[in-house]
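Novice: If you're matching positions, the sequence shown starts at 1 in the UniProt record's numbering and goes up one per residue.
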Amino acid sequence: MNPIFVAIDTTDVHRAAALARDLTGAIGGVKLGLEFFCANGHEGVLRLAERELPVFLDLKLHDIPNTVGKAVRALAPLEPAILTVHAAGGRAMLAAAKEAAPAGTKVVAVTVLTSLDRSDLADCGIGGSPVEQVERLTALAKSAGVDGIVCSGAEVAAARAAWPDGFFVVPGIRPDGAETADQKRVVTPRQALDDGASILVIGRPITGATRPGEAASEIAASLRRAADQWDK
Ligand SMILES: O=C(O)c1cc(=O)[nH]c(=O)n1[C@@H]1O[C@H](COP(=O)(O)O)[C@@H](O)[C@H]1O
Numbered sequence: 001m002n003p004i005f006v007a008i009d010t011t012d013v014h015r016a017a018a019l020a021r022d023l024t025g026a027i028g029g030v031k032l033g034l035e036f037f038c039a040n041g042h043e044g045v046l047r048l049a050e051r052e053l054p055v056f057l058d059l060k061l062h063d064i065p066n067t068v069g070k071a072v073r074a075l076a077p078l079e080p081a082i083l084t085v086h087a088a089g090g091r092a093m094l095a096a097a098k099e100a101a102p103a104g105t106k107v108v109a110v111t112v113l114t115s116l117d118r119s120d121l122a123d124c125g126i127g128g129s130p131v132e133q134v135e136r137l138t139a140l141a142k143s144a145g146v147d148g149i150v151c152s153g154a155e156v157a158a159a160r161a162a163w164p165d166g167f168f169v170v171p172g173i174r175p176d177g178a179e180t181a182d183q184k185r186v187v188t189p190r191q192a193l194d195d196g197a198s199i200l201v202i203g204r205p206i207t208g209a210t211r212p213g214e215a216a217s218e219i220a221a222s223l224r225r226a227a228d229q230w231d232k
């Protein structure tokens, strides 16, 4: 399986559909997040699902267990391939999300956002490094029964060592020389895959390119040498 999920971060459903059409064949799936969902809701997601690419619904749910469980149930008709919740919501919330999700949906727990570094964690009252916090939340996610985690490429090797059969989503992906923008913990696509990512979330390096299809194909070609890892 092609591990590239393109983050289609736009409020414009027509642009999103055009991007998905252009990228079909060069990517493994599309990721629709808060920006898209707040503007277009279920209808927008169903429109993108018509392209027959797996849909990763990235809503990063974070609330009390009852609320998250009911929200996941309300999303079930969309049958997303992957759905995100925040690991910091705690064990009961993670378990409620998993229990409410359709059988074919992987529920993955966001550990430490890739836009944060050690000093941002300290601002939130969390001591230690991002990798220490990712390790802590990976253990929590695993024991709560979800399918995997979201972490940066800087921590994925440590997380993989702790959870050999977990499903690991890695955003904060930047080909050499690409602008990092608001991302603070970035790695190259190849590095993330070599270190144990199951799928790569890539947005602006593809969607902001003059020719998104070519940008995606170039990244896919750089990964093909690691094709034996695509089945994880
Ligand atoms: O859950 C995510 O997908 C996610 C988690 C995280 O820690 N960092 C992160 O950037 N993301 C998402 O991954 C995408 C990254 O986009 P680019 O920075 O444009 O490649 C965005 O849609 C983010 O919402």
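No residue lacks a Cβ here, since even glycine has one placed at the ideal position from N, Cα and C. Note that the structure is a prediction, hence the values are computed from the model and not measured.
Tell me which same chain residues have a C-beta within less than 6 Å of the C-beta of P65, skipping the five on either side of it?
Specialist: Closer than 6 Å at Cβ, skipping near neighbours: A92, M93, A96.
Novice: In whole angstroms, what is the alpha-carbon distance linking R47 and D22?
Specialist: Each residue's Cα considered, the two are about 15 Å apart.
Novice: Can you tell me which of P212, I199, K31, V146 puts its alpha carbon nearest to the alpha carbon of V6?
Specialist: Closest by alpha carbon: K31.
Novice: Taking DSSP as the reference, what is the three-state secondary structure of I219?
Specialist: Helix, per DSSP.
Novice: Which whole runs of the beta strand (DSSP E) in the segment 52-100 are 3 residues long or more, in chain order?
Specialist: You should have 55-61, 82-86.
Novice: Residues in the same chain with beta-carbon distance under 7 Å from W163, minus the five sequence neighbours each way, listed in chain order, please.
Specialist: If we look at W163 and ignore the five residues flanking it on each side, its Cβ neighbours are T138, K142.
Novice: Kindly list the residues whose CB is nearer than 7 Å to the CB of K232, restricted to its own chain and excluding five residues on each side of it in sequence; keep chain order.
Specialist: Because K232 sits at a pLDDT of 47, beneath the cut-off of 50, its placement in the model cannot be relied upon, and the following sentence gives the value as read from the coordinates. S198, listed in sequence order.
Novice: Let me know the beta strand (DSSP E) ranges lying completely inside the segment 100-166, each 3 residues or longer, listed in chain order.
Specialist: Listed in chain order, the complete beta strand (DSSP E) runs (minimum 3 residues) inside the segment 100-166 are 106-110, 148-150.
Novice: Could you pull out every residue in the same chain whose Cβ sits closer than 6 Å to the Cβ of residue 266, ignoring the five residues on either side in sequence?
Specialist: Residue 266 cannot be examined here, being either before or after the span of the chain that is shown, 1 to 232.
Novice: At which residues does the beta strand (DSSP E) containing A7 begin and terminate?
Specialist: Unbroken beta strand (DSSP E) run through A7: 4-7.
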